[in-house]
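Start counting the sequence shown at 95; every next residue gets the next number (our numbering). Working notes for the structure below.
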Amino acid sequence: MSERVKSHNPPAGAAADWTIDQGWNTYSAADHQVWTTLYERQTRLLRDRACAPFLRGLDALDLHRGGIPDFARINVELERLTGWRVVAVPGLVPDEVFFEHLAHRRFPAGRFIRGPDQLDYLQEPDVFHDVFGHVPMLTDPVFADYMAAYGRGGLRAFSQGHLAHLARLYWHTVEFGLMQTPQGLRIYGAGIVSSHAETTFSLEDTSPHRLAFDLMRVMRTPYRIDDFQPTYFVIPSLEDLLQASLQEFAPLYRQLEAMEDIPIGEVTAEDTVVHRGDQAYHQGRPAPQ
Ligand code: HBI
Ligand code: FE
Numbered sequence: 095m096s097e098r099v100k101s102h103n104p105p106a107g108a109a110a111d112w113t114i115d116q117g118w119n120t121y122s123a124a125d126h127q128v129w130t131t132l133y134e135r136q137t138r139l140l141r142d143r144a145c146a147p148f149l150r151g152l153d154a155l156d157l158h159r160g161g162i163p164d165f166a167r168i169n170v171e172l173e174r175l176t177g178w179r180v181v182a183v184p185g186l187v188p189d190e191v192f193f194e195h196l197a198h199r200r201f202p203a204g205r206f207i208r209g210p211d212q213l214d215y216l217q218e219p220d221v222f223h224d225v226f227g228h229v230p231m232l233t234d235p236v237f238a239d240y241m242a243a244y245g246r247g248g249l250r251a252f253s254q255g256h257l258a259h260l261a262r263l264y265w266h267t268v269e270f271g272l273m274q275t276p277q278g279l280r281i282y283g284a285g286i287v288s289s290h291a292e293t294t295f296s297l298e299d300t301s302p303h304r305l306a307f308d309l310m311r312v313m314r315t316p317y318r319i320d321d322f323q324p325t326y327f328v329i330p331s332l333e334d335l336l337q338a339s340l341q342e343f344a345p346l347y348r349q350l351e352a353m354e355d356i357p358i359g360e361v362t363a364e365d366t367v368v369h370r371g372d373q374a375y376h377q378g379r380p381a382p383q
């Protein structure tokens, strides 16, 4: 998800905005079975671990029916709820293409699905990660506004040369975010809800730190793309996340230029600690440089 796409020309068969046809009729029975297997495994686990907006979104879009969802079908309800749509893309798309879609309330999703031998690990986001992981949250009006604001901010960060900082915000919220709720910590990050092992690791393992979300802190924190996160950031509510994203980032980027990164896995004196982890899992697994 963080590797950069080098070519700026869409591959053959894709439109200028990199979209392709989902080709829903071309999925095999085995493809649909992979979705159903993953769906059942994850929903069992997420029942009392995912946040309420995610679980409501799963139901609202009826993502279980008939295996891999037909984007045209789920778009009817998604558009009615928040004005978002899912569009199919061949895989990772260039950053500015990605942000342009988000700013216009289009979520680019891979159309392919992992093989039955890769249920737990894959390099590129597939339709299960993109649609099961990301799309339920897009049925929530506040989160929907946050993602569109992120897209607009991404286009600005791109022209201001601060994409690396803003990408960390995406990673530590949209992909790996936790939320405080009256029932305890809950997951809203797509990278977690679409991963069997990280779902329990992020909430229940003694290893990771769980720190209160702070916008500047998050933008100073690099992330792991190859393994579980050593630190998760906890938002008080989706409303707080949206409000943080609506301020002007240009002055923040100027401040960040004079600030050091905080290595992932470190806790500083300024952090509000929800749970201090023992980092047992990451000991002996240094981040590749
Ligand atoms: N393309 N298909 C796809 N999915 C992504 O999540 C994605 C992307 N291109 C760029 C990108 N993400 C990054 O810019 C963000 O994660 C910040
Ligand atoms: Fe993702």
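No residue lacks a Cβ here, since even glycine has one placed at the ideal position from N, Cα and C.
So, helix, strand or coil for residue i, using DSSP?
i      : result
MET95  : Note that MET95 scores 46 on pLDDT, short of 50, meaning its location in the model is unreliable and no value can be drawn from it.
THR293 : helix
GLY255 : coil
HIS102 : coil
TYR282 : coil
THR362 : coil
MET353 : coil
TYR347 : helix
SER288 : coil
LEU335 : helix
PHE36  : Because residue 36 is not part of the residues shown, which for the chain are 95 to 383, the question remains open.
GLY209 : coil
PHE300 : For the sequence presented, residue 300 should be read as Thr rather than Phe. Residue state, collapsed to three classes: coil.
GLY227 : helix
PHE322 : coil
Leaving out the 5 sequence neighbours to the left and right, which residues in its chain are closer than 8 Å to residue i when beta-carbon positions are compared?
i      : result
ARG141 : LEU149
ILE114 : GLY107, ALA108, ALA182, VAL183, PRO184, ARG205
ASP214 : SER289, HIS290, ALA291
GLU356 : According to the sequence shown, residue 356 is Ile rather than Glu. The answer, listed in chain order, is ARG311, ARG314, THR315, THR362.
SER96  : In this prediction, SER96 has a pLDDT of 47, which is less than 50 and means its spatial position is unreliable; what the coordinates show is noted afterwards. Counting only Cβ-Cβ distances below 8 Å, and skipping sequence neighbours, we find ALA261, TRP265, TYR317, ILE319.
LEU350 : HIS256, HIS259, MET310, MET313, ARG314
LEU139 : HIS290, THR293, THR294
GLN277 : ASP142
Short check: CB of residue i to CB of residue j, under 9 Å?
i      : j      : result
TYR326 : LEU305 : yes
VAL328 : VAL287 : no
VAL187 : TRP112 : yes
VAL180 : ASP224 : yes
TYR121 : HIS256 : no
GLY161 : GLY227 : no
ASP308 : ASP365 : yes
PHE60  : TRP118 : This structure leaves residue 60 out entirely; the chain is present only between 95 and 383.
GLU190 : LEU249 : yes
ALA197 : GLN254 : no
LEU335 : VAL236 : yes
GLY359 : PRO330 : no
GLN136 : THR293 : yes
THR275 : ALA146 : yes
PRO110 : ARG280 : Correcting the residue identity first, residue 110 is Ala in this sequence and not Pro. No, they are not a contact pair.
Return the chain-ordered list of same chain residues with a C-beta closer than 7 Å to the C-beta of residue i, the five sequence neighbours on each side being excluded.
i      : result
TRP178 : LEU172, ARG199, PHE201, LEU232, ALA238
SER339 : TYR240, ALA243, TYR244, GLY247
GLN373 : SER301, PRO324, GLY359
ILE207 : ASP125, VAL128, TRP129, ILE162, ASP220, VAL221, PHE222
PHE193 : GLY245, GLY248, LEU249, PHE252
HIS158 : TYR133
LEU297 : ARG143, LEU279, ILE281
MET353 : ARG314
Based on DSSP bridge pairs, tell me the residues matched to residue i.
i      : result
GLN377 : DSSP output for GLN377 lists no bridge partner at all.
ALA306 : VAL328
VAL367 : LEU305
THR275 : GLY278
Residues in its own chain within less than 6 Å of residue i by CB, not counting five upstream and five downstream?
i      : result
TYR375 : SER301
ILE168 : LEU155
GLY371 : SER301, PRO302, HIS303
PRO210 : VAL128
LEU152 : PRO230
For the region 174-205, which segments carrying the alpha helix (DSSP H) assignment without a break, of at least 4 residues, lie completely within its bounds, in sequence order? 189-197
Entirely enclosed alpha helix (DSSP H) segments - the region 110-186, minimum 4 residues: 123-140, 146-155, 165-176
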